[in-house]
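Structure, as structure tokens:
Right under this line is the structure:
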């Protein structure tokens, strides 16, 4: 779990993964029965085409009448210039759609990762320190259960609790529709109010896993010889907890955070679905419903890219925290 | 489908040890409750999950213990059918993941060298792939059906199991008593049967439970996202129908439409997790607390 | 304990109990004092409570109950709250832990040494760092170590860093937990030299170790712990060079020291399990001189017989008892050759000898030096012309009749020639049984059992077929073992072995010497090994007595003898031992040790 990789290696791995994904995204629709424009033949989808001549023209338009290698070269070339394709259902460039949705997802994922990391760091240390006491047991059982239930279930429960039974927060969306805000601050407050429940859901979900790991690591550290010496040195409690024990547990925690990034992205998709939050998840779901494959592929690739990029950042942070990982 | 998914994999002694752990008992109890729901539901309920039998949003009554949804389907029947789907996916995907990951991890740990290096590179790669989007993609293209979903989940999740099994195999292989038995001429088959598999049984059982729990999570998740089997029932689908029904929260119907599948998924997943915690506790006897008197 | 000034550390009745079940008393009613500028060594096996003691001194035992008085410079530390302890820790009482893993693996050495300065003295980062650099220079590590992580330092360097950390606030007392453990000899020497400087600067050192040589060089006083209980306490030279508590004696014989060629001996058995409640002396089961009184109650601390009280021993018998005490022994022969009297020849002339419990003394000397005569005098096989022999405190020479017979059984002689020592007519079983029959000990069945037991003890086959063999059917080694079994069957407290290995081939010689050593561990007898072969004697004897023309010309431990023989005869014997090359090596090793 806590295997450390050199940044160069992890960057190479990330690149390789990305390449594999690009190939997969390119190959999947072409390898499967039917063709990427299957939706055009599907009478249930909104873009069904019955006229064969029109179909030929659409195929030519997307370059699907060319040999595969040329198709691939064109596809990769397009990706390199930021061209993610053309949405069939919305008749708009996929990159434009992604640009509209990605910020909301980043607004959700970034703070959720930061908050859950910070909360796990502190709570894990405190729980480990007071292991076996009531507070620790409650946190342990509660977060174990919390880790088990999926984000959309947690989201639903939070929604019921804080938007229905106790209607203090909005039910969904990222902004109050058609609202005129007197000031920029009020608009910001509106965005904030809409962010609370989705962010809380994702943060809690991530914290459950990270907390359990952090507590486990710190419990192991507490028996270490250097913890006894820290106490012998007459250091105050907080320093022993958060500098001595915490420093030892920071690297495993960061490694785990790296592994959690993919889950954060996945969780964001679900959370957005429940709260009708206009991020990448919602885009993905609309694309699924409309069988809008270019959007599906584009959104998928961008999400994967985000995950890999955050992973790389976490690796760099780990290197900064513990220079030894560079030497090994 | 029969009882709990753990029965098949845990060895005799392990099962007894499992029952001794209060955590695992609660977990097994929850699993048992879900299994009962799946088994007895169709016998006790009058309607199928897709039949239109009542007025839209009908509240719970004698014939409809959980009322009806917006199109008048029996929600209790949907809950029971969803339990069957969840358990089926749990068993299929759990077994598939463990079979695939167990075999590959065992091979990697046993043979070492190039086999191990190559396998673990693949595992490394696979572990950073965002799984759900991939599943969404695969599900969208392949068309949804429960066995297919289970197979896809196995294909996505084997690397985690392979990694654990490889680590365990490697550590077992280098342990003195295994090296000793190789030293007195025991063959690979003997070492596997006598030393590796018994030790790995608990690890595999824990992996099975973990995979089953992720399978349940993802099946319901895919259904929730609208990628589930359109002909089958699923808790995720019931949940999605409820969430997507605009104005749900302006009626009391959320109480019998939204809440039961939410709680059912939670119960099954918490049950699996607690069973897994119990299994892990059983596989590691060194969980005793720090005894200060041990090193005066 | 001799004290120059008021103690800086004063423990009385200190008891540390870990809650059960069962409750474990790691430190039991401990009294210790430590004055400024002095070093108190604490010696003990693993599990003797040394580390619990160190933790108790720093208030690091929240999980245990700590009772008794614990005073630092007159102020009682018992009952301090967490803030109170934090003010004491490191500023006044610092610890050098045993484990070099005590350094935080991810923080730089400099940051860790500067930490107490920043926390306790509120120094700014730069100033603290400068002081840390100075501290590292002081211990000889150099400021270059400041930026390193522990991983980049060797074990010896880490130990020095830990020392620098302990000294950075100039505490009154430094507690050192095995500071030399795991160090190579050069690092060890550096650490010891540094500790000597610290002590000279007025810091009090509490040195917890099982490194006897380190204690010899550094400690003023030594306290010996056995299962948390004080077994012996006194000036270092006395405790280490002349241990009186049976446990200290056993420990001293179990620890390898440089320059010693004597075989190491363990202590028989194992200490009581933690948590086991012991009524009497905790060392009872492993002690070879236990008497009924030892089972009754904990032995009090007493001064050994004839001492001034500077050293105290917790032993109901007042410490290791002398088994044999011979004074002024003299024996002269009047040779009559062809009826002419040529005057008397003194075989033994005014020889005094003491052998204690569990001790082996070697008697060496050239042929005709009087070794064998002395050996026979000690067990009264020859009557002396003058002098006295006390065996377990009773006068052997004055005893008569039944008393004498009983006393004789306590002292046995093992002869040089096993072929002559055993009657050719007796079977092995009969020969070994004979002393029991003569003494009328027990029933016949008990005697047979005793015979079988003692044969097993000397590692002879216990089959009936072997027991029926006669002397001429046995090899020399087997015969000598039968003779030994015969000598041991009456459970003597003194065994005199007169050239007992001389006639055996080298392999049998080695086995018999190992057997004698093991018997001593188990039975704790006093042994006198008479031999002309110094190499043999050095292997088994704790002390060597060199005889020449009936007089003792030198008496020393093997190591002393090897390093610096005082008498020309001893040097001659060493040279004659025929291993000049090996001796040279050993001699230089022995010099290093001093």
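Protein chains in written order, with our numbering: chain A, 49 to 376; chain B, 14 to 309; chain C, 16 to 609. Beta carbons are placed, not taken as given, at the ideal position from N, Cα and C, and that holds for glycine.
Flag residue 233 (chain B) as yes if its beta-carbon sits less than 8 Å from any beta-carbon of chain A, otherwise no. Position 220 of the second chain, counting from 1, holds the residue named residue 233 (chain B). Yes, contact with chain A.
What span of residues does the beta strand (DSSP E) with residue 59 (chain C) cover, start to end? For the purposes of this step, residue 59 (chain C) is taken as residue 44 along the third chain, with counting starting at 1. Counting along the chain, residue 59 (chain C) sits inside the beta strand (DSSP E) bounded by residues 54 to 59.
From residue 81 (chain A) to residue 151 (chain A), what does the alpha carbon distance come to, in whole angstroms? Counting from one through the first chain, the residue named residue 81 (chain A) turns up at place 33. Counting from one through the first chain, the residue named residue 151 (chain A) turns up at place 103. With a pLDDT of only 49 at residue 81 (chain A), under 50, the local geometry of the prediction cannot be trusted, and the value read off the model is given with reservation. The straight-line gap separating the alpha-carbon atoms of residue 81 (chain A) and residue 151 (chain A) is approximately 35 Å.
Is the segment 342 to 355 of chain A touching the segment 130 to 143 of chain A, taking contact as three or more C-beta pairs under 8 Å? Contact between the segment 342 to 355 of chain A and the segment 130 to 143 of chain A is present, with at least three C-beta pairs closer than 8 Å.
Are residue 510 (chain C) and residue 429 (chain C) closer than 8 Å when you measure CB to CB? Along the third chain, read from residue 1 onward, the residue named residue 510 (chain C) stands at position 495. Along the third chain, read from residue 1 onward, the residue named residue 429 (chain C) stands at position 414. For the 8 Å CB-CB criterion, residue 510 (chain C) and residue 429 (chain C) form a contact.
Do the segment 310 to 323 of chain A and the segment 226 to 237 of chain A meet, that is, are 3 or more Cβ pairs less than 8 Å apart? Touching, no, given that fewer than three Cβ pairs across the two stretches are closer than 8 Å.
Near residue 432 (chain C), what residues of its chain come up, given a Cβ to Cβ distance below 8 Å and the 5 sequence neighbours on each side ignored? Taking the third chain and counting its residues from 1, the one referred to as residue 432 (chain C) is at position 417. Once the five neighbours on either side are set aside, the close Cβ partners of residue 432 (chain C) are 518.
Leaving out the 5 sequence neighbours to the left and right, which residues in its chain are closer than 7 Å to residue 499 (chain C) when beta-carbon positions are compared? Here residue 499 (chain C) refers to the residue found at position 484 when the third chain is read from its first residue. Cβ within range, chain order: 429 and 473.
Of all the alpha helix (DSSP H) runs that stay within the bounds of the segment 464 to 518 of chain C, which reach a length of 4 or more residues? Runs of the alpha helix (DSSP H) inside the segment 464 to 518 of chain C: 479 to 482 and 491 to 503.
Could you give the distance in angstroms between the alpha-carbon of residue 51 (chain C) and the alpha-carbon of residue 86 (chain C)? Against the third chain, residue 51 (chain C) aligns to sequence position 36. Against the third chain, residue 86 (chain C) aligns to sequence position 71. Our two residues, residue 51 (chain C) and residue 86 (chain C), have alpha carbons roughly 14 Å apart in a direct line.
What does residue 300 (chain A) reach in chain C if we use C-beta pairs closer than 7 Å? By one-based count along the first chain, residue 300 (chain A) stands at place 252. In chain order: nothing, as chain C lies at least about 12 Å away.
Interface residues of chain A around residue 75 (chain C) at Cβ under 9 Å? As a first step, residue 75 (chain C) must be located in the third chain, where it is residue number 60. Here the neighbours are 276, 279 and 280.
Pair every Cβ in the segment 275 to 287 of chain B with every Cβ in the segment 194 to 203 of chain A, then say whether three or more of these pairs are closer than 8 Å. With the cut-off at 8 Å, the segment 275 to 287 of chain B and the segment 194 to 203 of chain A touch.
Quick one: what does DSSP say residue 458 (chain C) is sitting in, helix, strand or coil? In the third chain, the residue the question calls residue 458 (chain C) occupies position 443. In this structure, residue 458 (chain C) counts as coil in the three-state DSSP scheme.
Going by DSSP in three states, residue 82 (chain A) sits in which element: helix, strand or coil? As a working mapping, residue 82 (chain A) is identified with position 34 in the first chain. With a pLDDT of 49 at residue 82 (chain A), under the threshold of 50, the predicted position of this residue should be treated as unreliable, and no value is reported.
Classify residue 54 (chain B): buried if its beta carbon has 16 or more other beta carbons within 10 angstroms, exposed otherwise. Within the second chain, the letter at position 41 stands for residue 54 (chain B). Flag for residue 54 (chain B) reads buried.
Counting C-beta neighbours from all protein chains within 10 Å, is the total for residue 57 (chain B) 16 or more, i.e. buried, or is it exposed? Translated into the one-based positions of the second chain, residue 57 (chain B) becomes position 44. The Cβ neighbour count for residue 57 (chain B), taken over all protein chains shown within 10 Å, is under 16; the residue is labelled exposed.
Cβ atoms of residue 154 (chain C) and residue 225 (chain C): under 8 Å apart, would you say? Against the third chain, residue 225 (chain C) aligns to sequence position 210. Against the third chain, residue 154 (chain C) aligns to sequence position 139. Taking the C-beta atoms as reference points, residue 154 (chain C) is found no nearer than 8 Å to residue 225 (chain C).
Does residue 292 (chain A) have its Cβ less than 8 Å from a Cβ in chain C? Residue mapping note: residue 292 (chain A) aligns to position 244 of the first chain, counting from 1. Chain C, which has a Cβ nearer than 8 Å to the Cβ of residue 292 (chain A), makes this yes.
List, in chain order, every chain C residue whose beta-carbon is nearer than 8 Å to that of residue 295 (chain A). The residue you call residue 295 (chain A) lines up with position 247 of the first chain. The contacting residues are 119, 121 and 122.
Following the continuous beta strand (DSSP E) through residue 223 (chain C), name the residue where it begins and the one where it ends. The residue you call residue 223 (chain C) lines up with position 208 of the third chain. If you look at residue 223 (chain C), you'll find it in the beta strand (DSSP E) that goes 219 to 224.
Whose C-beta lies closer than 6 Å to the C-beta of residue 110 (chain B) among residues of the same chain, with five residues either side of it excluded? Counting from one through the second chain, the residue named residue 110 (chain B) turns up at place 97. 167, 170, 171, 174 and 224, listed in sequence order.
In the structure shown, what three-state DSSP assignment does residue 114 (chain A) receive? Along the first chain, read from residue 1 onward, the residue named residue 114 (chain A) stands at position 66. Residue 114 (chain A): coil per DSSP, three-state reduction.
How is the alpha helix (DSSP H) around residue 368 (chain A) delimited, first residue to last? Locating residue 368 (chain A) in the first chain gives position 320, where the first residue counts as 1. Looking at the DSSP string, the run of the alpha helix (DSSP H) that includes residue 368 (chain A) is 341 to 369.
is_contact[residue 104 (chain C), chain A] using C-beta, thresh 8 Å: For the purposes of this step, residue 104 (chain C) is taken as residue 89 along the third chain, with counting starting at 1. At least one beta carbon of chain A lies nearer than 8 Å to the beta carbon of residue 104 (chain C).
DSSP three-state call for residue 180 (chain A): helix, strand or coil? By one-based count along the first chain, residue 180 (chain A) stands at place 132. Coil at residue 180 (chain A), not helix or strand.
If you run the structure through DSSP and keep just helix, strand and coil, what is residue 441 (chain C)? As a working mapping, residue 441 (chain C) is identified with position 426 in the third chain. DSSP places residue 441 (chain C) in coil when its eight states are reduced to three.
Please tell me whether residue 531 (chain C) has its Cβ less than 8 Å away from any Cβ of chain A. Residue 531 (chain C) sits at position 516 when you count from the first residue of the third chain. So no, residue 531 (chain C) is outside the interface.
For a contact meaning CB atoms closer than 9 Å, what does residue 287 (chain A) contact in chain C? Mapped onto the first chain, residue 287 (chain A) falls at position 239. 130 and 134, listed in chain order.
Check whether the Cβ of residue 205 (chain A) lies closer than 8 Å to any Cβ atom in chain B. Taking the first chain and counting its residues from 1, one reaches residue 205 (chain A) at position 157. Taking Cβ atoms only, chain B reaches closer than 8 Å to residue 205 (chain A), which makes this a yes.
My assumption, with CB atoms under 8 Å, is that residue 524 (chain C) sits in contact with residue 375 (chain C). Please give the rounded CB distance. On the third chain, residue 524 (chain C) is found 509 positions in, with the first residue counted as 1. On the third chain, residue 375 (chain C) is found 360 positions in, with the first residue counted as 1. The beta carbons of residue 524 (chain C) and residue 375 (chain C) sit about 16 Å from each other, so the pair does not count as a contact at 8 Å.
Look up residue 153 (chain C) in the DSSP assignment and say whether it is helix, strand or coil. Within the third chain, residue 153 (chain C) is the residue found at index 138, counting from 1. Residue state, collapsed to three classes: helix.
Looking at the structure shown, is residue 59 (chain B) part of a helix, part of a strand, or coil, going by DSSP? Against the second chain, residue 59 (chain B) aligns to sequence position 46. For residue 59 (chain B), the secondary structure class from DSSP, reduced to helix, strand or coil, is coil.
Neighbour-count burial assignment, residue 63 (chain C), 16 or more Cβ in a 10 Å radius: Within the third chain, the letter at position 48 stands for residue 63 (chain C). Residue 63 (chain C) sits buried, since 16 or more C-beta atoms from the chains shown fall within 10 Å of its C-beta.
How is residue 260 (chain B) classed by DSSP in three states: helix, strand or coil? Locating residue 260 (chain B) in the second chain gives position 247, where the first residue counts as 1. In this structure, residue 260 (chain B) counts as coil in the three-state DSSP scheme.
For residue 354 (chain A) versus residue 306 (chain A), is the C-beta spacing smaller than 8 Å? The sequence position of residue 354 (chain A) within the first chain is 306, counting from 1. The sequence position of residue 306 (chain A) within the first chain is 258, counting from 1. Their beta carbons are not under 8 Å apart, which means residue 354 (chain A) does not touch residue 306 (chain A) by this criterion.
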